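Each residue of the sequence shown is one higher than the last, beginning at 964 in this note's numbering.
Beta carbons are placed, not taken as given, at the ideal position from N, Cα and C, and that holds for glycine.
If you're wondering where the values come from, they're calculated on a predicted model, not measured in any experiment.
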Amino acid sequence: MAQEDYLLGVNDTELDRLRFQHSVWGPLSHDFLTRLGIKAGWKCLDAGSGPGFVTVDLREMVGPAGEVTALELSPFYLEQARKEAAQKGFTDIRFMQGKVEEVSLPPNEFDLVFSRWVMSFAPDPEMFLLPLIRSLKPGGIIAIQDYYYEGLSLWPIGGAFDKMADVVRAYYRAAGGDPYVTGKLPGLFRAQGLSLLEFSPHCLSGGPQSPIMEWGHRFFTTHTQAMVEKGAVSQREAYAMVGDWHEHRNNPDALFFSPIVVDVAGKRE
């Protein structure tokens, strides 16, 4: 799989960023799964598992009587997921390489399908959802964590970074994604006969020493140049935005507000 198939890249730098990302956002994912009532013995699919951080969390939650499958397009990340499972001592996780829209999933198979920060990259959200919904058992749950890309900001406002949310949205769209994809999910669920169990938005915030601002730092300092290359922003504007970011990082009174991440869950009746 070529790196260009992934908007955010397939490499060790991105792997390290994703690992830190899970340390920040993983507790919200765990809380989401807990609210959904995940139980020992459940059969679960992690759709677009990446390096497998949620995969192993799912395995811990369902126990040895349960089953977990990790589906991932990138061989690089799938291998990392295997290593992550081995480090946790899990030898019974199933790993599948493929694209959600194209892979053959068994029907009526899973109690839970989970997907985090994958659907916003999908060119056709409905085509992404359909095979996942078909793979649910009657009464099964599909749980999506993804963006409704509003809310991103720095305090004090008034600098070049104020335009960053527009730039990130353009960056996603340049690759065929949708930064507002969670806004479509209630309607898509209803069209497929799913009942909406949860729709909960989250915004994390903190100052220069906070984990959430470090998460932002690792994303913007890594990916802003790629936004230039995708035509989402000019080089001059990118330099100004990154410069503004560093100024805020050096201001002890500054605050960073994350983009909105929404927990969305639907149940197959």
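Contact between Phe1162 and Val1227 holds, with the beta-carbon distance rounding to 5 Å and staying under 8 Å. In this structure, the straight-line span from the alpha carbon of Met1090 to that of Glu1072 is close to 19 Å. Assignment of Ser986 by DSSP, reduced to helix, strand and coil, places it in the helix class. Counting other Cβ atoms within 10 Å of its Cβ, Asp1009 reaches 16 or more and is therefore classed as buried.
Going by DSSP, Gln1188 is part of no beta strand (DSSP E) but of the alpha helix (DSSP H) stretching over Pro1174 to Glu1192. Take Pro1086, set aside five residues on each side of it, and the residues of its chain with a beta-carbon closer than 7 Å to its own are Gly1139, in chain order.
The C-beta distance from Leu978 to Gln1043 rounds to 6 Å, short enough to fall under 8 Å. In the DSSP annotation of this structure, the continuous segment of the alpha helix (DSSP H) that includes Thr1018 starts and ends at Phe1016 to Val1025. C-alpha of Ala1106 to C-alpha of Leu1021: approximately 12 Å in a straight line. Shown here, Asp1141 sits in coil according to DSSP, grouped into three states, outside any helix or strand. DSSP places Gly1103 in the strand class (E or B) of the three-state scheme.
Between Lys1230 and Ile1104 the beta-carbon gap is near 5 Å, inside 8 Å, which marks them as a contact. An exposed status is given to Asp1129, since fewer than 16 other beta-carbon atoms sit within 10 Å of its beta-carbon. The beta carbons of Phe1016 and His993 sit about 11 Å from each other, so the pair does not count as a contact at 8 Å. Within the same chain, Cβ atoms closer than 8 Å to the Cβ of Gly1004 are found at Val1025, Gly1026, Ala1028 and Gly1029, the five residues on either side in sequence being excluded. Note on geometry: alpha-carbon atoms of Phe1084 and Asp1141 lie some 6 Å from one another. For Leu1093, the enclosing alpha helix (DSSP H) stretches over residues Pro1088 to Arg1097. Per DSSP, Thr1054 has no beta-bridge partner at all.
For Glu1200, the secondary structure class from DSSP, reduced to helix, strand or coil, is helix. In the DSSP secondary-structure assignment, Pro1164 is bridged to Val1225. DSSP lists Lys1230 as the bridge partner or partners of Ser1158. Between Ile1096 and the set Gly1156, Lys1046 and Met1127, the nearest pair of CA atoms involves Gly1156.
In this chain, the beta strand (DSSP E) harbouring Ser1116 covers Ser1116 to Trp1118. Judged by DSSP secondary structure, Val1031 falls within the beta strand (DSSP E) whose first and last residues are Glu1030 to Glu1035.
Residue state for Ala1195 is assigned as coil, using DSSP reduced to three classes.
When beta bridges are read from the DSSP output, Val1076 appears opposite Leu1008 and Ile1105.
A distance below 7 Å separates the beta carbons of Thr1145 and Tyr1111.
With a cutoff of 7 Å on beta-carbon distance, Val1081 and Gly1011 are scored as near each other. DSSP, reduced to helix, strand and coil, places Tyr1112 outside both helices and strands of the structure shown, so it counts as coil.
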